[in-house]
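Per my numbering, residue 524 is the first one in the sequence shown, and the count goes up by one each step.
Don't be surprised by glycine CBs; every beta carbon is placed ideally from N, CA and C.
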Amino acid sequence: MFMNNSFRSQSVVDHPAVPAQRVCLYLLLVMVVVGFGCSSPRPITGGKEADKPEEPVKPTAPEEPEVPPYHPPAMAEEISPYLTYSIETPYADIPDTPREFRGAWIATVDNIDWPSEPGLPVKQQKMELTAMMDRAKSLRMNAIILQVRPAADAFYHSPFEPWSVYLTGQQGKAPEPFYDPLQFAVKEAHRRGLEIHAWFNPFRAYHPSADGEGGLAPNHIKNLHPEMVVRYGSYYWLDPGQERVQQYSINIITDVVRRYDIDGVHLDDYFYPYPLRKSNGEHLTFPDARSYGQQGQRRRIEDRSEWRRQNVNNFIQRLNTEIKLIDPHVRFGISPFGIWRPGYPRQIKGFDAFNRIYADARKWLQEGWVDYLAPQLYWPIEKQSQSFPVLLEWWHQQNEKQRHLWPGIYTSKLNARADAWTVQEIERQIEITNHHRGATGSIHFSMKALMENRDGRDALSGLYPEEALIPATPWLDDHPPPRPTAEVLELSDRYVIQVEPKRDRGKETAVDMDPRHWVVKQRYGDQWETSIHPGWKERITLPPSNGHRPFTGAAITLVDELGNESEPYLVREVKIVTE
524 MFMNNSFRSQ SVVDHPAVPA QRVCLYLLLV MVVVGFGCSS PRPITGGKEA DKPEEPVKPT
584 APEEPEVPPY HPPAMAEEIS PYLTYSIETP YADIPDTPRE FRGAWIATVD NIDWPSEPGL
644 PVKQQKMELT AMMDRAKSLR MNAIILQVRP AADAFYHSPF EPWSVYLTGQ QGKAPEPFYD
704 PLQFAVKEAH RRGLEIHAWF NPFRAYHPSA DGEGGLAPNH IKNLHPEMVV RYGSYYWLDP
764 GQERVQQYSI NIITDVVRRY DIDGVHLDDY FYPYPLRKSN GEHLTFPDAR SYGQQGQRRR
824 IEDRSEWRRQ NVNNFIQRLN TEIKLIDPHV RFGISPFGIW RPGYPRQIKG FDAFNRIYAD
884 ARKWLQEGWV DYLAPQLYWP IEKQSQSFPV LLEWWHQQNE KQRHLWPGIY TSKLNARADA
944 WTVQEIERQI EITNHHRGAT GSIHFSMKAL MENRDGRDAL SGLYPEEALI PATPWLDDHP
1004 PPRPTAEVLE LSDRYVIQVE PKRDRGKETA VDMDPRHWVV KQRYGDQWET SIHPGWKERI
1064 TLPPSNGHRP FTGAAITLVD ELGNESEPYL VREVKIVTE
């Protein structure tokens, strides 16, 4: 048992001898107290088992030692049922909680990241995915972006589209034994305190790398509705110029929003395809003459390029609206090509996404149709014509509605090629982002680069020195959850904080009575440390000291699914539990 006498307020009382005739009365009183309950700490070993996630395939840490229940003394009338002492947690000194989006893409198309190859045993698929989550957690990251629809197929149990060939090796074939990969991913991500955003490709219908057995499944969109699909080079593409195509993809995405506890919907830079060339070097025209003849004339748009941009704009605006109608707390984000147009700003050269793939990403940001934009700034800092910090500043200047700006970082350039980047380049880009007034995080492409030993795997371990919450999204919900309640128990070798949300039934918030995270700011001596824990936890264990500094206080806050943080519960009392 360790004690910090300077913080204790209890006193020891000497008890006189008890007359024999009072013994029976005392025994009767004890029987009443024991039989009907007395004030004691809540059992730490219990919990709402039905609400807790199942154990992961690969546990990240051994189970915490069980805390024995506390048994009060027999003479309950004259001796306190537990020993307590007071501490003072100074409100003015409590540090702010760090905020930063730290994400990574997990690409499934062509098995870039996961699974490592098609048709792996289910157990190995699960182990690979949870290993990625464990790696993200160990790096103090807080989000993954999982590709669940690479090409009109599904990495989840879809009532509309076939199982992905990249999952099972045959399009339309379910995993055996059956499991739902997205459901599994959501459970395991939230168990670790990670956000999970579901990544969709809205219009790509077939990728030439999909060479599994059996070809396209009978329920693939090309077989069910060939009039909605066009061929472009070796690819099949849903035609964005058809209104029924747009509604079809919206229905696919909103089905997932309804059925899965995802934190975000994510699209990348693929709307219209990047232009292909014929054998003679000429650009291959995207075959949408029929839909342009019907829709373009009806809308009186003579410029086909402008018509295509309007198709993409309409789709994005409608998708954002329909997501929010289903669940207003699901964030919608897009990761466009990093250059809007050459010459913006003046020194920038390169691909014209506005005029070649018909993506007006500046408009999406300026109109507030997205909750976050993650432009793919896949160039080094010193490259004058495509400079990372110059482009980051330009995107910030377009962000009139102050949506989240989380640039994509090309971590996969840590490779063995001649033009490979160094870890220092990645570190500097993270540092530039963190110090930029308009950026609140970043996303790594891709998780595979964080898993492999590229330029020294451990060199990446210092990217994020402390844990951080994802930035709040006040335009969706800015109501903080109620202040939680907590009690702190002192054991022989640790402190245990038992946490519980305050049930304020008169004020519904995004937390909906269930926290997404707990933030514990523990004080050792006069120094603070911050730790962030998954919301399903009911107890949090702290060490008794930090080196030579003893535990001197704590503040606990509750965080909802949009990052709103409650007022802190200040620890004023510690209860001693004898083991």
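Residue nearest to residue i in terms of C-alpha spacing, selected from the options
| i | options | result |
| --- | --- | --- |
| Arg1072 | Thr653, Gln1045 and Gly1086 | Gln1045 |
| His806 | Arg813, Pro798 and Ala812 | Pro798 |
| Tyr987 | Ile744, Pro621, Leu662 and Pro618 | Leu662 |
| Pro1004 | Leu1081, Trp944 and Pro1057 | Leu1081 |
| Arg960 | Asp981, Gln947, Ile949 and Asn922 | Asn922 |
| Tyr901 | Phe860, Asp875 and Pro1038 | Phe860 |
| Met974 | Ile635, Ile617 and Leu606 | Ile635 |
| His919 | Val645, Ile862, Asp875 and Leu690 | Ile862 |
| Ala654 | Arg715, Val671 and Pro700 | Arg715 |
| Tyr758 | Ile776, His743, Ala728 and Ser772 | Ala728 |
| Phe726 | Asp1016, Leu669, Ile880 and Ala615 | Ile880 |
| Gln647 | Gly891, Leu1065, Leu690 and Gly804 | Leu690 |
| Ala659 | Arg625, Ala630 and Ala674 | Arg625 |
| Gly985 | Gln947, Glu829 and Pro865 | Gln947 |
| Gly738 | Trp722, Ile773, Lys696 and Gly866 | Lys696 |
| Trp830 | Ala812, Asn843, Arg841 and Trp1051 | Ala812 |
| Ala982 | Thr945, Ser969, Ala962 and Thr956 | Thr945 |
| Arg1017 | Val1100, Val1043, Gln1050 and Trp1051 | Val1100 |
Supposed contact pair residue j and residue i - C-beta distance, whole angstroms, cut 8 Å
| i | j | result |
| --- | --- | --- |
| Ser908 | Lys872 | 4 Å |
| Ser639 | Arg1095 | Going by Cβ atoms, the distance from Ser639 to Arg1095 rounds to 52 Å, so no, they are not a contact pair. |
| Ile839 | Gln833 | About 11 Å; that fails the 8 Å criterion. |
| Ala712 | Met656 | 6 Å |
Beta-bridge pairing of residue i - partner residues as DSSP gives them
| i | result |
| --- | --- |
| Ala1009 | Val1022 |
| Asn1069 | Arg1072 |
| Ile1079 | Val1043 and Tyr1092 |
| Val788 | Ala721 and Phe855 |
| His967 | Ala627 and Ile932 |
| Lys847 | In DSSP, Lys847 forms no bridge with anything. |
| Pro644 | Answer is none; Pro644 lacks a bridge partner. |
| Ala666 | Gly626 and Glu718 |
Residues of its chain near residue i, where Cβ-Cβ distance is below 6 Å and the 5 sequence neighbours each way are ignored
| i | result |
| --- | --- |
| Trp917 | Pro868 |
| Ile932 | Gln952, Ser965 and His967 |
| Glu623 | Gly964 and Ala991 |
| Val1034 | Low confidence applies to Val1034: its pLDDT is 43, below 50, so where it sits in the model is not reliable enough to give any reading. |
| Arg781 | Ile849 |
| Val753 | Trp760, Asp762 and Pro810 |
| Val580 | Its pLDDT being 39, under 50, Val580 is placed unreliably in this model, and the value from its coordinates should be taken loosely. Excluding sequence neighbours, Val580 sits near Lys649, Met650 and Thr653. |
| Ser772 | Pro725 |
Residues near residue i by beta carbon distance below 7 Å, same chain, minus five either side
| i | result |
| --- | --- |
| Glu954 | none |
| Trp1041 | Val1022, His1056, Gly1058, Lys1060, Ile1063, Ile1079 and Leu1081 |
| Ser1089 | Pro1003, Pro1004, Pro1005, Arg1006, Pro1007, Thr1080 and Leu1081 |
| Glu735 | A small correction: the amino acid at residue 735 is Gly; Glu does not occupy that position in the sequence shown. These residues qualify, in order along the chain: Pro641, Val688, Gly692, Gln693 and Gln694. |
| Val1097 | Thr607, Tyr608, Ile610, Val1011 and Glu1013 |
| Phe874 | Phe860 and Ile862 |
| Arg1039 | Gly1058, Val1082, Asp1083 and Glu1084 |
| Leu888 | Leu896, Gln921, Asn922 and Arg926 |
| Asn746 | Leu739 |
Min CB distance residue i to chain C below 8 Å
| i | result |
| --- | --- |
| Asn843 | No chain C appears in the structure shown, which is made up of a single protein chain. |
Exposed unless 16 or more other CB atoms sit within 10 angstroms - verdict on residue i
| i | result |
| --- | --- |
| Glu905 | exposed |
| Phe877 | buried |
| Leu1085 | buried |
| Ile667 | buried |
| Lys936 | buried |
| Phe1074 | buried |
| Gly787 | buried |
| Ile849 | exposed |
| Lys971 | buried |
| Asp942 | exposed |
| His701 | The residue you asked about is not His; residue 701 is Phe in the sequence shown. With fewer than 16 other Cβ atoms within 10 Å, it is exposed. |
| Leu717 | buried |
| His958 | exposed |
| Tyr614 | exposed |
| Ala627 | buried |
| Ala939 | exposed |
Cut-off 8 Å between Cβ atoms - residues of its own chain near residue i, not counting five sequence neighbours on either side
| i | result |
| --- | --- |
| Ser814 | Asp762, Gly764 and Gln765 |
| Tyr1092 | Arg1006, Pro1007, Thr1008, Ala1009, Ala1078, Ile1079 and Thr1080 |
| Tyr755 | Pro796, Leu799, Leu807, Phe809 and Pro810 |
| Val709 | Ile719, Tyr783, Asp784 and Ile785 |
| Gly856 | His720, Gly787, Val788, His789, Leu790, Val893, Asp894, Tyr895, Leu896, Ala897, His927 and Trp929 |
| Tyr679 | Val671, Asp703, Pro704, Leu705, Gln706, Val779 and Tyr783 |
| Asp1001 | Ala995 and Asn1087 |
Proximity test, residue i beta-carbon vs the ligand NAP heavy atom, cut-off 7 Å
| i | result |
| --- | --- |
| Gln947 | Among the ligands in the structure shown, none appear at all, so the ligand NAP cannot be discussed. |
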